[in-house]
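Just below is one structure, and these are the notes that go with it.
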Amino acid sequence: QLYYAQCLYQACLYQDALRIVNQIEDPSVQPKVRKLKAAIKYGEEDLVSAKVLMESSSEDDPDTEINHGCLMYKEMRYEEALQKFTTALVVLGYNPHLSYNVALCYYRLKEYAPALKHIA
1 QLYYAQCLYQ ACLYQDALRI VNQIEDPSVQ PKVRKLKAAI KYGEEDLVSA
51 KVLMESSSED DPDTEINHGC LMYKEMRYEE ALQKFTTALV VLGYNPHLSY
101 NVALCYYRLK EYAPALKHIA
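Here it is as structure tokens:
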């Protein structure tokens, strides 16, 4: 069910994905369920609900750092988002999507040289 809900989320069928994910009761996948619910709410532009769901996530999970960075970026808090993405890069190592997020933050801060460094 989790993978089906993820597919629906990727297809931007947020309500269908949420309906499926709300049916998942297996305690072993609840952290993933919470992350997916937060992503669905983020996709629906419901940033308040996304933030509430993310705050119940594990602090030592790099995805939590990335998700907070995405929220901060969406709220135009580019410097804070940059810190979150940079921290995640240090923990996870190079990741093209994460590096792109760093570049976007630098671009929004009008720091074009570091932005170019992260996408070149």
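Here the working numbering is used: position 54 in the sequence shown is 54, and no number is missing along the way. Glycine included, every Cβ here is placed at the ideal spot set by N, Cα and C.
With residue i as the anchor, note down where its alpha helix (DSSP H) starts and where it stops.
{"i": "E80", "result": "Y78 to L92"}
{"i": "P27", "result": "P27 -> no alpha helix (DSSP H), and no H or E assigned at all."}
{"i": "E65", "result": "P62 to K74"}
{"i": "K110", "result": "Note, K110: premise wrong, no alpha helix (DSSP H); not H, not E."}
{"i": "A17", "result": "Y14 to V21"}
{"i": "E44", "result": "First-last for E44: undefined, no H or E at that position."}
{"i": "A5", "result": "L2 to Q10"}
Pop quiz: residue i and residue j are said to be a contact at Cβ under 8 Å. What is the actual Cβ separation, rounded to whole angstroms?
{"i": "H77", "j": "S57", "result": "It is worth fixing the name first, because residue 77 is Arg in this sequence and not His. Actually they do not touch by this definition, with Cβ atoms about 19 Å apart."}
{"i": "L82", "j": "Y106", "result": "7 Å"}
{"i": "A103", "j": "A88", "result": "With 8 Å as the limit, A103 and A88 do not qualify as a contact, their Cβ atoms being about 14 Å apart."}
{"i": "K84", "j": "E65", "result": "5 Å"}
{"i": "Q1", "j": "Q23", "result": "6 Å"}
{"i": "L109", "j": "E79", "result": "7 Å"}
{"i": "S99", "j": "H118", "result": "5 Å"}
Mark residue i as exposed unless 16 or more other C-beta atoms lie within 10 angstroms of its C-beta, in which case mark it buried.
{"i": "C70", "result": "buried"}
{"i": "H97", "result": "exposed"}
{"i": "L8", "result": "buried"}
{"i": "Y94", "result": "exposed"}
{"i": "L53", "result": "buried"}
{"i": "A38", "result": "buried"}
{"i": "Y73", "result": "buried"}
{"i": "L92", "result": "exposed"}
{"i": "A146", "result": "One cannot answer for residue 146 here, as it falls past the ends of the chain, which runs 1 to 120."}
Answer with yes or no whether the minimum CB distance from residue i to chain D is below 8 Å.
{"i": "T87", "result": "This model lacks chain D altogether, as it is built from one protein chain only."}
Review point. Is the segment 6–19 close to the segment 49–63, with three or more CB pairs under 8 Å?
Key: no
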